[in-house]
Every structure is written in C-alpha cells, then in structure tokens.
Amino acid sequence: MPVAVIDTEQLTIETHQTDSLIRVRIDNEEVLVHNEFQTTDSTNPPMPRRMAGYIGHAIRQHGLPIYSNVIYLRPDAGRRDPGYYIQKRPGYPIAIHYRVIRLIEIEGERVLNAGQSGLIPFTPLMKSPEGMASDAWLHQCIHTARTRPIARSYRADYLAGMVALSELVYESEVISGIIFKEGIMDLIRESSLFQSLTQQSREEAREEGLEEGIEQGVRQRAIEDILEVLEIRFDLSEAHPLSTRITAIDDLQHLKQLHRAAIQVPNIEAFQRVLYA
Numbered sequence: 026m027p028v029a030v031i032d033t034e035q036l037t038i039e040t041h042q043t044d045s046l047i048r049v050r051i052d053n054e055e056v057l058v059h060n061e062f063q064t065t066d067s068t069n070p071p072m073p074r075r076m077a078g079y080i081g082h083a084i085r086q087h088g089l090p091i092y093s094n095v096i097y098l099r100p101d102a103g104r105r106d107p108g109y110y111i112q113k114r115p116g117y118p119i120a121i122h123y124r125v126i127r128l129i130e131i132e133g134e135r136v137l138n139a140g141q142s143g144l145i146p147f148t149p150l151m152k153s154p155e156g157m158a159s160d161a162w163l164h165q166c167i168h169t170a171r172t173r174p175i176a177r178s179y180r181a182d183y184l185a186g187m188v189a190l191s192e193l194v195y196e197s198e199v200i201s202g203i204i205f206k207e208g209i210m211d212l213i214r215e216s217s218l219f220q221s222l223t224q225q226s227r228e229e230a231r232e233e234g235l236e237e238g239i240e241q242g243v244r245q246r247a248i249e250d251i252l253e254v255l256e257i258r259f260d261l262s263e264a265h266p267l268s269t270r271i272t273a274i275d276d277l278q279h280l281k282q283l284h285r286a287a288i289q290v291p292n293i294e295a296f297q298r299v300l301y302a
C-alpha cells in the first residue's frame, strides 16, 4: 500500500476560531462552554468534522471538560446534523459528541414568559404559538423586549440584536412595519450595534472618498498632460473645442492612449481621428 508522509509542521500553523468559548463553573467545577452559531448547514467540511476539530483543539489548549453546542438559526438548517463524529476502525474507535440545538424546535412563548434575558433576542427564530401568524409572533417578541423592566441601554441592545436576527427569517417590510408600530427606531439607534455599524459605514465612506479623490487627481493630471503636449506641439489653446472634449473624458485608459497619441501623431488632424475613433 502506498504511504504518504504528512508534513506535521504544517499542522501547527492552522488557526482555530470558534464562535463562542467561555469558562464557567458548573456544580462547583470549572468547565468550558462552546457554542457554534450556524445559519445554514456546513458541508465543507461537514459539521461533525468541524466540531471534532474545535473540541479537540479546546481540550488540548485548556484541558477542561467541555460542553459543545451547535445552534442553528434558520428553520431549515441542522436537520441532518447527527450531533457526533464517529470513527469505527477496529482497535481505534473515536466518538466525539455535541448537542444540536435548532431554534425552530424551541417553544418561543415559554422563553418569553420565563423572561430569560439571554435568550429573548433569539425568540423570533423559535417556534411560534400554535395558529399564530409569523408576523404576529415577531410583533409579540419585539413588544416583549421593548417592555422589559431593564435599563434603557440594555433594552436598546436587546432590540437591535433581535431585529438583526429577525432579518434571517422575516421580510424587511414586516420588520420595518413593526418597528414603526412599536416606535423603537430612536431606541435602536442608541444601541452599541447600531453605533458600531454607523462608525464602520463612516470609515468606509471616508476610504471610498479618499480613493475617489486619488482617482480624480490622476485623471486631472492626465488631462493636463495631454493639453500641455497639444499646446507645445500644435499651439492648441484651452478655448479650443478639442480641449473641451478632452476635459470631459472620465476613462483613465482612454486618457493614457490620447497622451501617447498627442506625443506621436504628426498633426492635429491625426490626433482628432484618434480622439473620435
């Protein structure tokens, strides 16, 4: 049987990024709680292989008992996840188990009634009461979050998180309509999530503006270079219609071609033919 030698050095540089890994005490024992959040099914690699890698790495790094969960956010995700990685080689069995949590299988109304703070933002993705329309359920979830007796800043983050998660399942028009009815847009604007996104948008706008400014500067310089060559070679004035035509060109590649033509053509008529080609 052919044998392939695996470069073990390469394995040491792989990165392992989990969605959430925290240390807590359960029954007076320090343990790890590991959560992976999935909107869709993982196929490359399959979720069992991914989880086996995450769990093995966490055990190697921390040497503590670990509670691992995969939390599927969308209703159609996670149906085929077995919740374990199994190798059944004679003499070399491997079994790594984790819990599969599909939010759509959790009774959302129980979570709302229990007032479980950490879970309430996820309730729009959970199972709605029997016979209740989806938009009515979303409205009930948002209303409950809005009226909870907590500090305004926490409520703002609550609602922003709930709205962001709701966009995975609900139409934007439905969400916007409920936000308007509940009058919570100003409150959402106060959330840390909204502030972070606003800051990011500003930075992206500044970067985009800088890029546009640089490009505009390059374009302007290219136009000036063409006009300078034409003035020196053919005594073309700035008031000439050709000058006006050149200054209206936005395509940098075209301007580069015109600059070369201005240097090489024998007369202004030949340049005109290149310009209007």
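Heads up, the sequence shown is in the working numbering, so the first residue is 26 and it goes up one at a time. All C-beta atoms, glycine included, are put in the ideal place defined by N, C-alpha and C.
Taking C-alpha atoms, which residue in the options lies nearest to residue i?
| i | options | result |
| --- | --- | --- |
| V188 | G202, E253, P70, F62 | G202 |
| D250 | H284, T272, A273, S217 | H284 |
| V310 | S262, Y92, P266, A181 | There is simply no residue 310 to check, as the chain begins at 26 and stops at 302 in what is shown. |
| P66 | D106, D260, S216, G81 | The sequence as given places Asp at residue 66; Pro does not occur at that position. Ranking D106, D260, S216, G81 by Cα distance to D66 puts D106 first. |
| L144 | A158, T169, G156 | T169 |
| F259 | D275, R270, I288 | I288 |
| Y195 | S159, D211, R180, Q220 | S159 |
| I121 | A77, P115, K113 | A77 |
| E61 | R75, Q86, Q297, I51 | R75 |
| P100 | L222, L300, F296, Q63 | Q63 |
| A178 | R171, Q165, T43, S216 | According to the sequence displayed, residue 178 carries Ser and not Ala. The option with the nearest alpha carbon to S178 is S216. |
| Q245 | I257, Q225, T272 | T272 |
| R173 | S142, Q241, E155 | S142 |
| Q241 | M210, I274, E263 | I274 |
When burial is assigned at 16 or more other CB atoms within 10 Å of the CB, is residue i buried or exposed?
| i | result |
| --- | --- |
| V243 | exposed |
| T40 | Here the model assigns T40 a pLDDT of 49, short of 50, so the residue's position is not dependable, and the following value carries that caveat. The residue is exposed, with fewer than 16 neighbouring Cβ atoms inside 10 Å. |
| Q35 | Summary for Q35: the model assigns pLDDT 43, below 50, so the residue's position carries little reliability, and this model does not support an answer. |
| I31 | A caution first: I31 carries a pLDDT of 46, below 50, which makes its placement in the model unreliable, though a value can still be read off. It is exposed - the Cβ of I31 has fewer than 16 other Cβ atoms within 10 Å. |
| R114 | exposed |
| L222 | exposed |
| Y117 | exposed |
| Q165 | buried |
| S153 | buried |
| I80 | buried |
| T33 | With a pLDDT of 44 at T33, under the threshold of 50, the modelled position of that residue is not reliable, and the figure given next carries that caveat. Exposed is the call here. |
Over what stretch of residues does the beta strand (DSSP E) that includes residue i continue unbroken?
| i | result |
| --- | --- |
| P118 | 117–122 |
| I91 | 91–97 |
| R48 | 45–51 |
| V56 | 54–63 |
| I111 | 109–114 |
Within the continuous alpha helix (DSSP H) that includes residue i, where are the two ends?
| i | result |
| --- | --- |
| L190 | 177–191 |
| H279 | 277–289 |
| E214 | Note that residue 214 is Arg in the sequence shown here, rather than Glu. From DSSP, the alpha helix (DSSP H) with R214 extends over 210–214. |
| L163 | 159–171 |
| P73 | 72–87 |
| R298 | 293–300 |
| K206 | 197–207 |
| T68 | T68 -> no alpha helix (DSSP H), and no H or E assigned at all. |
| T148 | First-last for T148: undefined, no H or E at that position. |
| G133 | 133–139 |
Which same chain residues end up closer than 7 Å to residue i when comparing Cβ atoms and leaving out the 5 residues on each side of it in sequence?
| i | result |
| --- | --- |
| T37 | Residue placement at T37 is flagged as unreliable, the pLDDT there being 44, under the threshold of 50; a coordinate-derived value is accordingly withheld. |
| L46 | L57, H59, A83 |
| A247 | L277, L280, K281, H284 |
| S191 | P149, L163, I200 |
| L218 | D182, A185, G186, A189 |
| V49 | V56, V58 |
| T43 | H59, E61, Y79 |
I'd like to know whether the C-beta atoms of residue i and residue j end up nearer to each other than 8 Å.
| i | j | result |
| --- | --- | --- |
| A146 | Y183 | In the sequence under discussion, the amino acid at residue 146 is Pro, which differs from the Ala named in the question. Yes, these two residues count as a Cβ contact at 8 Å. |
| A176 | I213 | no |
| Q55 | L89 | With the sequence shown as reference, residue 55 is identified as Glu, and Gln is not the correct amino acid for it. Result yes, Cβ atoms of E55 and L89 sit closer than 8 Å. |
| Y97 | G108 | no |
| E132 | I167 | no |
| V136 | M151 | yes |
| V125 | G140 | no |
| Y110 | P70 | no |
| R270 | I209 | no |
If you drop the 5 nearest sequence neighbours on each side, which residues of the same chain put their C-beta closer than 6 Å to that of residue i?
| i | result |
| --- | --- |
| E294 | none |
| V299 | A286 |
| Q112 | I119 |
Suppose the cutoff is 8 Å on Cβ atoms and the five residues either side in sequence are ignored; what does the same chain contact list for residue i look like?
| i | result |
| --- | --- |
| L261 | L252, L255, L267, S268, I293 |
| P291 | none |
| F205 | none |
Nearest chain C C-beta to residue i closer than 8 Å, yes or no?
| i | result |
| --- | --- |
| G78 | Absent here is chain C; the protein component of the structure consists of one chain. |
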